[in-house]
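Colleague:
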Amino acid sequence: MTVSSPARLVVLVSGSGTNLQALLDACADPAYGARVVAVGADREGIEGLARAERSGVPTFVNQVSHYGSREDWDRALADRVAAFEPDLVVLAGFMKLVGESFLARFGGRTVNTHPALSPSFPGMHGPADALAYGVKVTGATLFVVDAGVDTGVIVAQTVVPVEDDDDVESLHERIKVAEREMLVESVGRMAREGFRVEGRRVHLGVAPRG
Ligand code: GRF
134 MTVSSPARLV VLVSGSGTNL QALLDACADP AYGARVVAVG ADREGIEGLA RAERSGVPTF
194 VNQVSHYGSR EDWDRALADR VAAFEPDLVV LAGFMKLVGE SFLARFGGRT VNTHPALSPS
254 FPGMHGPADA LAYGVKVTGA TLFVVDAGVD TGVIVAQTVV PVEDDDDVES LHERIKVAER
314 EMLVESVGRM AREGFRVEGR RVHLGVAPRG
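With my numbering applied, the sequence shown covers 134 to 343.
(1) Distance check for A171 and F217, CA to CA, integer angstroms please.
(2) Applying the 10 Å Cβ sphere with the 16-neighbour rule, what's the burial state of Q154?
(3) May I have the straight-line CA-CA distance separating R325 from S138, to the nearest angstrom?
(4) When you compare the stretch 209-223 with the stretch 176-188, are there three or more beta-carbon pairs, one atom per stretch, that lie closer than 8 Å?
(5) I need the straight-line Cα distance from E296 to A215, nearest angstrom please.
(6) Nearer than 8 Å: is that true of the beta carbon of L153 relative to any heavy atom of the ligand HEM?
(7) Check the C-beta distance from T274 over to S251 and give it rounded, since I have them as a contact under 8 Å.
(8) Where are the alpha helix (DSSP H) runs, 4 residues long or more, that stay fully inside the stretch 141-179, in chain order?
(9) Would you identify the three-state DSSP class for R333, choosing helix, strand or coil?
(10) Measure from the alpha carbon of A280 to the alpha carbon of each residue in F239, E312, D298, K269, then state which is nearest.
(11) Within the present structure, is the beta-carbon of P248 separated from the nearest heavy atom of the ligand GRF by less than 8 Å?
(12) Classify P248 as buried or exposed, calling it buried when 16 or more other Cβ atoms lie within 10 Å of its own Cβ.
(13) Between T284, L156, G232, D162, which has its C-alpha nearest L142's C-alpha?
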């Protein structure tokens, strides 16, 4: 997939937005090749939105409970995102599954980051589930969003150790440090070099910008 230069990113968040902040910081360097053109959320009052506002990036909120159905919400979210004409949509701690309407428009150009090594521990509790299972390493996975829960083709993964005295918070914090680095590195490459999805593989840097 080819992208404009700099690539236009719409980032969706639900929480503290440290992944978003890492992208905003990276985008401050023109050589990074991307800029965040809007930040959307599924709830008001979160630090992720405040971070966008402090950076002068337009924000929007689409709350599921304000719509008659999940499908209506999904369609409205897709419309909202489309208005900013993104090359890439980045789900960065966005705690909702996007649906059919959204994927019909942005499938293949939407990535999500999950705090576990897929295909292990999908869902909302990746760090807790990894800790409970007793794995010795875990990490984060960047993937192209599909209709499943954390099942999309993998763009990148990063590994961290699980320490004996970890609790969920300390483990998730260690994951998040590595996750942010992976996100910035991979989104930058996708933006600058383009990418191609072939079966279960994502090839970065193979689609020269035209
Ligand atoms: C990240 O670990 C993300 O993978 C998970 O929630 C965390 C969000 O962190 N789903 P932040 O909002 O970017 O700080």
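Backbone N, C-alpha and C fix where the C-beta goes; we use that ideal spot for every residue, glycine too.
Modeller: Reading from the atomic positions:
(1) Start at 1 with the first residue of the sequence shown, and residue 217 comes out as number 84. Start at 1 with the first residue of the sequence shown, and residue 171 comes out as number 38. Distance between the alpha carbons of F217 and A171: 7 Å.
(2) The residue given as residue 154 occupies position 21 in the sequence shown. So Q154 ends up on the buried side.
(3) Indexing the sequence shown from 1 puts residue 325 at position 192. Indexing the sequence shown from 1 puts residue 138 at position 5. In a straight line, the C-alpha of R325 is about 8 Å away from that of S138.
(4) no
(5) Position 163 of the sequence shown, counted from the start, is the residue given in the question as residue 296. Position 82 of the sequence shown, counted from the start, is the residue given in the question as residue 215. Each residue's Cα considered, the two are about 43 Å apart.
(6) The ligand content of the structure shown is limited to the ligand GRF, which means the ligand HEM is not among them.
(7) Here residue 274 refers to the residue found at position 141 when the sequence shown is read from its first residue. Here residue 251 refers to the residue found at position 118 when the sequence shown is read from its first residue. Confirmed, Cβ separation roughly 4 Å.
(8) 151-160
(9) What you label residue 333 is simply residue 200 of the sequence shown in a count that begins at 1. Coil.
(10) On the sequence shown, position 147 is the one that residue 280 refers to. For A280, the nearest C-alpha among the options comes from F239.
(11) Position 115 of the sequence shown, counted from the start, is the residue given in the question as residue 248. Yes - the ligand GRF has a heavy atom lying nearer than 8 Å to the Cβ of P248.
(12) Mapped onto the sequence shown, residue 248 falls at position 115. Buried, since its Cβ has 16 or more Cβ neighbours within 10 Å.
(13) The sequence position of residue 142 within the sequence shown is 9, counting from 1. The shortest Cα separation from L142 among T284, L156, G232, D162 belongs to L156.
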